[in-house]
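Accompanying notes for the structure given below.
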Amino acid sequence: MLIQVLVSGSVLGCVYGLIALGYSLIYKASGMMNFAQGDVLTLGAFLGYTFFSMLGFPFFLAFILTLIIAFAFGLGIERTVFRQLKAKNVLPIYIVLATIAVSYILQNACQAIWTTKMLSFPRIFPIDSLKVFGVAIQTESIFCVAVSILCMAGLHFFMKHSRFGTAMRASAMDSKAAQACGINTSLATGVTWAIAAGLAAMAGMLLGPIYGVFITLGSTIGRKGFAGAVMGGYGNMYGAMVGGVLLGLIETLTSSYLSSTYKDLIAYGMLLLFLFVRPTGIFNEKAITE
Amino acid sequence: MKKVMKKDSVKNLVLLLASVLLPVIFNAAGQSYPILIMCFAFLYMIATSGLDVVFGYCGQISMGHAAFFAIGAYGSAMLNRYCGIPVFFTMIIASLLATLVGAVIAYPASKLVFHFLSLSTIAFAEIVRTLLLQSPGGITGNAVGMFPKSISLFGFQLNTYTRFYYFGLLFLVLFLLFKYTMVNSRVGRAFIAIRENTHAAGGMGINVTQYKVMAFAVSAFYTGFAGAMYAHLVRYIGPDTFTMKQSVMFVTMMLFGGTGSIAGPLAGAFVVLVFNEGLRAFEQYQMLLYGILLLVVIVVLPGGIYGTVRSIIKRLAEKKGGQVDAA
Amino acid sequence: MLLNVDNISLSFGSLKAVNEVSMTVESGKITGLIGPNGAGKTTFFNIISGVYKPDTGTITFDGKRIDGKKPFQINEAGIARTYQVINLFKKMTVLENVMVGMHSRLNSGFFRSVLRMPDQRKEEEEVRRRAYEWLGFVNLEDRAHEQAGSLSYGEQRLLEIVRGLASGPKLILLDEPAAGMNSREKRDLDELLQRILQKGVSILLIEHDMKLVMGVTDHIYVLNYGKKLADGSPAQIQKNTDVITAYLGGE
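Chains A, B and C are the protein sequences, given in the same order.
Residue 815 is where the first sequence starts when you use this note's numbering, and the numbers rise one by one after that.
Residue 121 is where the second sequence starts when you use this note's numbering, and the numbers rise one by one after that.
Residue 198 is where the third sequence starts when you use this note's numbering, and the numbers rise one by one after that.
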């Protein structure tokens, strides 16, 4: 029983982590809070379903295609919408509202293009489940955790050890200084948003086979994902991963062993707790100051 | 200066007179739907005015005002159902409850600024909604919701749109009057100082925490009362009414009408309400169009509708070589 | 001794911004605080006015301990301040800025204000009248109803000063009031400082303009790298070799 709980907690935690990563990346790069991440997750799930189930592509191809579309989407809205808003120096509240508008558009577009019903994502693997520590675990769950870990490791290496990754970090830290060093900050910001969208879409494709595909798949997770980002330290990449996984585990453990009625309260409660008591998060990230 | 004041008072009186006569005209024409729209308009105007106090004047963002709307609505419904208190008094008590909750949550939240503050209000509102959906003992009716009665004032039932209309109009005027006296006083100046420059406000001897809590509390009272009005107008409330979408709608109404003014929230509430009603015809595409239009307006008109209209008027006045009315 | 600062220190992480600084400010005098950029002068002001809590040391004002108190409490105790970067309430009118300055001396709370009780209405009339008077002190009465943000830089600085004076403080902290002023404006400022003294308000002044500082202050403290380098009369400070080296960047 404990193993099952830990596994579902990890699955959820990885998804929270991927969403929270997106939040922190965008915040560091553009200073904005993006409320559309959850709905990009939903979009990713629907796209994955379309390619894999409806069009019958091999899963790997469906995965890549979805990521490409998500990248394009992230890059696109940064370039067309958010860059303009930032340049016009609008009040932050309008930017928040704009991201919410994007989330409404995504949600309703998914509904219009696909359906309001729940779609069933077919199994990815021929084997139904694997035995870990004597317990049967759904293969897709293992896949989800494995891919998330690989992805986070990949992102770490990319950011720390590649030229472009370092350029992205520099742009996020100090845009003017980075430009002075010849870094194309506009490209770096666009790519950050693209990666954030890609992470969310990936999370959707990892979650779809386990939870099913429906239009509100991402919205609650998107909101609760903020808790993961704050817990780790908002703006901190590693914090987002750690915070997300921690949140998933705490939420699943509490709802399994204590009470499942108030499951949602846990994420929001943790969010409030951290905001009121330790807003800089576990990693003490001072990105947001007075 | 006095001449401008007189002009304003005349304008307001005319508006008031027109508002009083409106239902008479519509009823004569046999149209009750516009009266219903105005009933909604009044309660949204009150709710948005409340949000304007805490954001427009005091500069504190709240993306969770649906929570106060809900506390007012459910509070009033539950007090009537389980304690037998007549409906009008339940509205007052529920609003006071919303005020209390607002003050309590505002106290720790006062240390937070923009982004984190908005997250905390969202989290707070979601917690309230979850508690409404899964209430202890099912007292809120959980997913089914509740069916509140209509307002009864000393035995007189406000069970027609026209009766509710006059009730709504009366209370809107009262709430606006109180907003006016509040913002044009030492309290209002403290709010604005905090908004303009929190640092310097403290240096002026303003207890910033106390005033932030005050702004939140007042705002909660307004939106709570509006929620109670909603409950006794629609006569059905469920957890789905009080989602983040509702909070976002309040913010949209306030921004589009213009913050930090008496008239702004009124215009914004009315425009967005009518707009939403119009979108209803598109059924499943309602949210899509709403999102697109919202995005377009934000990108194209960053000052909001009110700000844009004002700057157009200003530029026209300047072109005519006349004096710019510092309204 | 109006203000007694005893061995104040404040660190930000590993940086010691203010290092065991002691200072006394006498009543009825103008005390100067000078030092190269980054010496910690504004941080020092922030500690006195309650924005930061010192790690060690005490501050006594008018016989009472004020270290660790919140900014509004320090204002209530009788200390006002202006800021290095202009911190006016830009969207309020000139008059309203001064009215806000009087906040701590007024009594109308929430209910009295909302219900427009008679004593609140009387108080508001008083507030307006006195605010006008204060604007007269710096010749800004005819700008009373303009937006504070539309004033010239020098006028904004003057407005900040009367906004501080409006709370009736015993001591006002002025952070670089002459910054961006031309020589005529600086002469006017010199004269304004004397008038402020005449009103019974003592002054602690951060300034970079040496001519102004030497001419107007009674006693000067010099900070460098967060530490007190020297203190004395203007004449003594002018001859102090450590001070000269610090400014000219010797070593």
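The C-beta atom is built at its ideal place from N, Cα and C for all residues, glycine as well.
All values reported here derive from a predicted model rather than from experimental measurement.
Item                                                                                                                                                                                                            : Value
Could you check whether the segment 242-249 of chain C touches the segment 261-273 of chain C, counting it as contact only if at least three pairs of C-beta atoms, one from each stretch, sit closer than 8 Å? : yes
Quick check: what's the CA-CA separation for residue 447 of chain C versus residue 221 of chain C?                                                                                                              : Note on residue 447 of chain C: pLDDT 45, under 50, position unreliable in the model; the coordinate value appears next. Using only the alpha carbons, I get a separation of about 28 Å.
Any beta carbon from chain C within less than 8 Å of residue 442 of chain B's own beta carbon?                                                                                                                  : Below a pLDDT of 50, predicted positions are generally treated as unreliable, and residue 442 of chain B, at 47, falls in that range; the measurement from the model is reported next regardless. Cβ-Cβ to chain C under 8 Å: no for residue 442 of chain B.
Are residue 953 of chain A and residue 964 of chain A touching if we call contact CB-CB under 8 Å?                                                                                                              : no
Return the first residue and the last residue of the alpha helix (DSSP H) that residue 880 of chain A is part of.                                                                                               : 873-891
Could you name the residues of the same chain whose beta carbon sits closer than 8 Å to that of residue 386 of chain C, not counting the 5 residues immediately before and after it, in chain order?            : 374, 375, 378, 409
Give the secondary structure of residue 368 of chain C by DSSP, where H, G and I count as helix, E and B as strand, and everything else as coil.                                                                : strand
Quick test of your reading: residue 985 of chain A and residue 992 of chain A, contact by CB under 8 Å. State the CB separation rounded to the nearest angstrom.                                                : 4 Å
Count the other C-beta atoms from every protein chain shown that fall within 10 angstroms of the C-beta of residue 442 of chain C, then say buried if there are 16 or more, exposed otherwise.                  : exposed
Do residue 1089 of chain A and residue 236 of chain B come within 8 Å of each other at the CB atom, strictly closer than that value?                                                                            : yes
Is DSSP giving residue 421 of chain C helix, strand or coil here?                                                                                                                                               : strand
Residues of chain B with CB under 9 Å from residue 289 of chain C, in chain order?                                                                                                                              : 309, 312, 313, 316
Using a Cβ cut-off of 8 Å (strictly closer), state whether residue 344 of chain B contacts chain C.                                                                                                             : no
Output, in chain order, the set of chain B residues within a Cβ distance shorter than 7 Å of residue 1075 of chain A.                                                                                           : 254
Using 8 Å as the limit for Cβ to Cβ distance, is residue 271 of chain B near chain A?                                                                                                                           : no
Could I get the ranges of all uninterrupted alpha helix (DSSP H) runs contained in the segment 204-242 of chain B, with 4 residues as the minimum, in chain order?                                              : 207-229
Mapping DSSP to helix, strand and coil, what is residue 952 of chain A?                                                                                                                                         : strand
Hey, could you find the ends of the beta strand (DSSP E) residue 923 of chain A is sitting in?                                                                                                                  : Looking at the DSSP string, residue 923 of chain A is not in any beta strand (DSSP E); the run it does join, the alpha helix (DSSP H), is 906-927.
Out of C/384, C/341, C/403, C/391, which has the shortest C-alpha to C-alpha gap to residue 370 of chain C?                                                                                                     : C/403
Quick one, which of A/815, A/817, A/1002, A/835 has its alpha-carbon nearest residue 1054 of chain A's?                                                                                                         : A/835
So for residue 290 of chain C, helix, strand or coil by DSSP?                                                                                                                                                   : strand
Measure how close the beta-carbons of residue 217 of chain C and residue 206 of chain C come, nearest whole angstrom, since I'm counting them as under 8 Å.                                                     : 5 Å
Quick check on the burial criterion: 16 or more other C-beta atoms within 10 angstroms. Buried or exposed for residue 433 of chain B?                                                                           : exposed
I'd like to check one pair, residue 285 of chain C with residue 355 of chain C: are the Cβ atoms closer than 8 Å?                                                                                               : no
Reducing DSSP to helix, strand and coil, say where residue 363 of chain B ends up.                                                                                                                              : coil
Would residue 370 of chain B pass as an interface residue toward chain D - the criterion being a Cβ-Cβ separation below 8 Å?                                                                                    : Among the protein chains of the structure shown, namely A, B and C, there is no chain D.
Run through DSSP, which three-state label would residue 257 of chain C get?                                                                                                                                     : strand
Within 10 angstroms of the Cβ of residue 955 of chain A, are there 16 or more other Cβ atoms? Answer buried if so, exposed if not.                                                                              : buried
Quick one, which residues of the segment 1029-1063 of chain A are near chain B if we go by CB-CB under 8 Å, in chain order?                                                                                     : 1037, 1040, 1041, 1044, 1048
Is there a Cβ of chain B sitting closer than 8 Å to that of residue 200 of chain C, yes or no?                                                                                                                  : no
Going by DSSP, name the residue or residues bridged to residue 272 of chain B.                                                                                                                                  : B/277
Would you please verify whether the beta carbon of residue 932 of chain A is less than 8 Å from any beta carbon of chain B?                                                                                     : no
What residues in its chain sit with their C-beta under 7 Å from that of residue 883 of chain A, if we drop five residues either side in the sequence?                                                           : 861
Tell me the rounded alpha-carbon separation between residue 1096 of chain A and residue 211 of chain B.                                                                                                         : 43 Å
CB-CB under 6 Å to residue 1056 of chain A, same chain, minus the five flanking residues each way: which ones, in chain order?                                                                                  : 1046
For residue 924 of chain A, count neighbouring C-beta atoms within 10 Å of its own C-beta (all shown protein chains included) and say buried if the count is 16 or more, exposed if not.                        : buried
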